[in-house]
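Okay, structure first, notes after.
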Amino acid sequence: MVLDGPPGRPTTRRTPASSTPSSRPAPASSWPTTPWTYAAASHSAGLRTIRFHDLRHSTATLLLEQGVDLVVIKELLGHAHIGVTAGVYAHVRLRLQRQAIDTLNVALGGVADLPDDPSTTAVVR
1 MVLDGPPGRP TTRRTPASST PSSRPAPASS WPTTPWTYAA ASHSAGLRTI RFHDLRHSTA
61 TLLLEQGVDL VVIKELLGHA HIGVTAGVYA HVRLRLQRQA IDTLNVALGG VADLPDDPST
121 TAVVR
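When you line the sequence shown up against full-length UniProt numbering, it's residues 1 to 125, in that order.
If you want it as structure tokens, here you go:
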């Protein structure tokens, strides 16, 4: 089978026996998601090399920073318990909470804290 389109997002499916496109999309299980395919695709796109698994963390962090509910992120990541998701992304939540407090402070006529405020620093292990 040959997939057209960017890695992970095939647009048509073609079988080696014929070069005509199939009427249905390729199943997700056949999408090129192996680390080797990812590494080759990111290299050819001129992107810096990061681990394939880091994409999960980047995605979850970006979603959380955009206000997506933690329960939704838990479901997308496939975590069994919300505590796992909350624990892994606690540093992001702390930063968002601090930003919310600063926003409220400014709205009430105060001055926002500097971004390098030591009270917002979290140790990530």
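Backbone N, C-alpha and C fix where the C-beta goes; we use that ideal spot for every residue, glycine too.
Through-space distance from residue j to residue i, alpha-carbon basis
i: H53; j: L77; result: 11 Å
i: A80; j: K74; result: 8 Å
i: Y89; j: H57; result: 9 Å
i: G110; j: L94; result: 20 Å
i: Y38; j: L63; result: 21 Å
i: R48; j: A40; result: 11 Å
i: G46; j: L108; result: 46 Å
i: I101; j: G87; result: 21 Å
i: E65; j: L104; result: 17 Å
i: L55; j: V72; result: 17 Å
Contact check, residue i vs residue j, beta carbons under 9 Å
i: I82; j: L96; result: no
i: I50; j: S44; result: no
i: V92; j: T61; result: yes
From the options, residue whose alpha carbon lies closest to that of residue i
i: G67; options: V106, Q99 and G109; result: Q99
i: T85; options: L104, T59 and L47; result: T59
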